[in-house]
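Undergrad: Let me begin by handing over the structure; questions about it come next.
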Amino acid sequence: MHTPTPTPTPILRKMDQAIELLERRFLERSELIRLLLLGMMSGENVLLIGPPGTAKSQLARGISQLFGSEHWFEYLLTRFTTPDEIFGPVSLQQLKQDQYVRKTSGYLPGAQFVFLDEIFKANSAILNSLLSILNERIYFNGREKQPVPLQFLIAASNELPEDDEQLAALYDRFLIRYEVGYLQHAASYEKMLTMPNTEMPVVFSLYDVRDIQEAAADVKIPGSLVYFLFSIKQGLEEKEYRLSDRRLKKIATIWKTSAALHGREEVTIWDTVYTPHMMWDVPEDLPVMRELYEKQFTEMLKAELEDVLPLRHYSQIADKWKEKESELHAFQFKKEVGAKLGKEAMEKSRTLLEASKEQLTQTAQELRNRLQEWQKREKDLHAFILEKNRLIHNVEKYAVKFAYLRIEGERILQQLQRTYRTIFDQDIPGTDYDYTL
């Protein structure tokens with residue numbers, strides 16, 4: 001049965017429009033674009049790692065233009081960059097009154113969208129102020145704590161920070177990290193040469209971000225997903241990786257933002273798909289993070305779909321009768337050759353045989369029917385998956401997970417059929433199934 005794709009909410013329609021606009025101009029960046037938009041809506045900082053010339057600054061600028069360019073601040077940091085260049089000049093009028101206060105209008109403390117290139121080259125005078133801005137959204141302007149309207153900060157670097165305590169503290173302020181490389185496909189280079197350089201149209205308002213963040217604050221995280229996050233943490237620790245409590249809490253905030261974008265009041269497993277990009281310290285660790293996450297995701301997906309395809313239940317029944325297969329087959333053989341059995345043993349074996357026939361038949365027929373329904377669902381998986389998370393860019397990857405679950409179900413069905421055939425020397429009625437699909 002075909003399930004029509006639900007009409008997206010107004011904010012998701014805006015997200016669709018933004019993604020389309022950005023993908024036209026920034027080729028081979030589909031995953032990064034979605035991750036940046038998710039970070040923007042959650043108010044989390046993003047760090048892009050990659051060589052020069054990979055469009056990091058253009059992409060950051062494009063994201064800000066979706067809100068209008070008047071809220072934007074951008075700077076390339078060097079060892080010689082002064083605080084005046086980033087936070088504004090000292091007010092001479094205030095200085096005459098023995099007040100050391102900066103005029104921040106037009107500089108980073110007054111901006112809502114910021115891009116800082118080569119951030120790890122900043123000196124300690126700048127770093128100290130950035131730490132409080134990135135985490136608490138506060139700038140210490142003289143003796144005053146000045147609230148910063150910063151909504152979204154993207155930083156970039158050609159290299160990871162050195163082993164320096166200040167830089168390590170700064171690095172930890174970036175929840176989302178992404179390694180950006182050069183384009184890989186010839187077709188992308190062909191398109192790149194003919195792309196426009198005009199500004200992006202305004203798609204969002206700051207009210208959109210505010211509304212999503214307010215909704216996200218009320219989103220609940222079910223116990224199963226708390227345990228899911230804890231299991232990932234344990235898995236990382238077994239491999240000698242560490243995630244700070246602050247980072248784990250911020251990961252949960254991203255999940256809640258994703259749920260709010262989709263109009264949900266509770267986080268689902270589908271809101272967690274970009275988690276690996278929030279766990280690594282060096283890009284080389286990402287494959288390990290992905291492997292560990294994908295394993296946990298598949299188990300959670302299986303549990304979430306238990307009401308549709310209860311594989312654990314069916315597997316337990318199949319294993320139960322497989323263990324008794326030899327015993328029941330021997331009983332059938334003894335009956336055929338007329339071997340003498342004690343009355344109690346005979347009755348016990350006969351009862352067990354009848355129970356096996358009834359349960360194997362019922363289970364195999366039910367599983368076969370559910371698998372056939374599952375095959376119908378697979379024909380429209382693209383819409384089903386996007387309904388769960390419209391920000392997923394590689395839908396086929398998740399469609400494969402559904403196919404794996406079907407294949408596991410088919411394996412269980414075959415096991416049930418083999419056990420029945422061994423015991424009763426015939427096929428289970430009503431369980432014909434096409435395994436070639």
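All letters in the sequence shown, in the order written, are residues 1 to 437 by this note's numbering. C-beta atoms are modelled at their ideal positions from N, C-alpha and C, and glycine is treated no differently.
For Leu92, does the count of other Cβ atoms within 10 angstroms reach 16, so buried, or fall short, so exposed?
TA: That one is exposed.
Undergrad: Per DSSP, what are the beta-bridge partners of Asn141 in this structure?
TA: Paired residues: Glu144.
Undergrad: Just to confirm the assignment: which complete alpha helix (DSSP H) runs, minimum length 4, are found wholly within the segment 262-311?
TA: DSSP runs (the alpha helix (DSSP H)) wholly in the segment 262-311: 286-304.
Undergrad: Express the C-alpha separation of Leu38 and Leu175 in angstroms, rounding to a whole number.
TA: Computed Cα separation, rounded: 12 Å.
Undergrad: If you draw a straight line from the C-alpha of Pro4 to the C-alpha of Met300, how long is it?
TA: The predicted position of Pro4 is uncertain, since its pLDDT is 46 and thus under 50; a value taken from the coordinates is nonetheless stated next. Roughly 25 Å between the two C-alpha positions.
Undergrad: Return the CA-CA distance between Ile428 and Ile317, expressed in angstroms with no decimal places.
TA: Rounded to whole angstroms, Ile428 to Ile317 spans 15 Å at the Cα level.
Undergrad: Please state whether DSSP places Asp16 in a helix, a strand or coil.
TA: Helix, per DSSP.
Undergrad: Are at least three pairs of beta-carbons, each pair with one atom in the segment 326-339 and one in the segment 300-311, less than 8 Å apart?
TA: Touching, no.
Undergrad: Exposed or buried, Ala187, counting other C-beta atoms within 10 Å across all chains shown (16 or more means buried)?
TA: With fewer than 16 other Cβ atoms within 10 Å, it is exposed.
Undergrad: For a quick check, are the C-beta atoms of Gln112 and Gln151 less than 8 Å apart?
TA: A contact, by the Cβ cut-off of 8 Å.
Undergrad: With burial defined as no fewer than 16 other Cβ atoms inside 10 Å of the residue's Cβ, what is the status of Met1: buried or exposed?
TA: In this prediction, Met1 has a pLDDT of 38, which is less than 50 and means its spatial position is unreliable; what the coordinates show is noted afterwards. The residue is exposed, with fewer than 16 neighbouring Cβ atoms inside 10 Å.
Undergrad: Three or more C-beta pairs under 8 Å: does that hold for the segment 158-174 against the segment 123-135?
TA: Contact between the segment 158-174 and the segment 123-135 is present, because at least three Cβ pairs lie under 8 Å.
Undergrad: Taking three-plus beta-carbon pairs below 8 Å as touching, is the segment 403-423 in contact with the segment 319-334?
TA: Contact holds: three or more Cβ-Cβ distances are below 8 Å.
Undergrad: Going by DSSP in three states, Val90 sits in which element: helix, strand or coil?
TA: Looking at Val90 - three-state DSSP - the assignment turns out to be strand.
Undergrad: Quick one, are the C-beta atoms of Arg390 and His185 less than 8 Å apart?
TA: Contact flag unset, no.
Undergrad: Can you list the alpha helix (DSSP H) stretches of 4 or more residues lying completely in the segment 34-66, in chain order?
TA: The qualifying runs are 56-65.
Undergrad: Less than 7 Å between C-beta atoms, sequence neighbours within five positions excluded: which residues of the same chain meet that for Glu266?
TA: Cβ neighbours of Glu266 beyond the five flanking positions: Val219, Lys220, Pro222 and Ala259.
Undergrad: With the cut-off set at 8 Å, would you say Leu381 and Ser356 are in Cβ contact?
TA: Not closer than 8 Å, so no.
Undergrad: State the beta-bridge partners of Arg24 as determined by DSSP.
TA: According to DSSP, Arg24 bridges with nothing at all.
Undergrad: Taking Cβ to Cβ, would you say Phe228 is nearer than 8 Å to Gln296?
TA: For Phe228 and Gln296, yes; Cβs fall inside 8 Å.
Undergrad: In the DSSP assignment, find the unbroken alpha helix (DSSP H) run with Ser356 in it and report its ends.
TA: Start and end: Lys343 to Glu378.
Undergrad: Would you call Gln65 buried or exposed, if buried means 16 or more other Cβ atoms sit within 10 Å of its Cβ?
TA: Its Cβ being crowded by 16 or more others within 10 Å, Gln65 is buried.
Undergrad: Measuring alpha carbon to alpha carbon, tell me which residue in Pro149, Lys256, Tyr398 and Phe333 is nearest Val226.
TA: Ranking the options by Cα distance to Val226, first place goes to Lys256.
Undergrad: Pick out the complete alpha helix (DSSP H) segments inside the segment 119-188, 4 residues or longer, and give them in chain order.
TA: Entirely contained in the segment 119-188, the alpha helix (DSSP H) runs reaching 4 residues are, in chain order, 124-136 and 165-172.
Undergrad: Tell me which residues share the same chain as Leu236 and place their Cβ nearer than 8 Å to its Cβ, disregarding the 5 neighbours each side in the sequence.
TA: Answer for Leu236: Arg242, Leu243, Met279, Met289 and Leu292, listed in chain order.
Undergrad: Can you tell me whether DSSP reads Leu381 as helix, strand or coil?
TA: Leu381 falls in the helix class under three-state DSSP.
Undergrad: In angstroms, rounded to a whole number, what distance separates the CA positions of Gln97 and Glu240?
TA: Cα-Cα distance, rounded: 55 Å.
Undergrad: Please classify Phe438 as buried or exposed, where buried requires at least 16 neighbouring CB atoms within 10 angstroms.
TA: The requested residue 438 is not part of the displayed model; the chain covers only 1 to 437.
Undergrad: Quick one, are the C-beta atoms of Trp270 and Lys103 less than 8 Å apart?
TA: The answer is no: Cβ separation not under 8 Å.
Undergrad: Within 10 angstroms of the Cβ of Lys121, are there 16 or more other Cβ atoms? Answer buried if so, exposed if not.
TA: Buried is the call here.
Undergrad: For Asp117, is the classification buried or exposed, using 16 other Cβ atoms within 10 angstroms of its Cβ as the cut-off for buried?
TA: Counting Cβ neighbours within 10 Å, Asp117 comes out buried, since at least 16 surround it.
Undergrad: Bridge partners for Arg102 per DSSP, in chain order?
TA: Arg102 is bridged to Val90.
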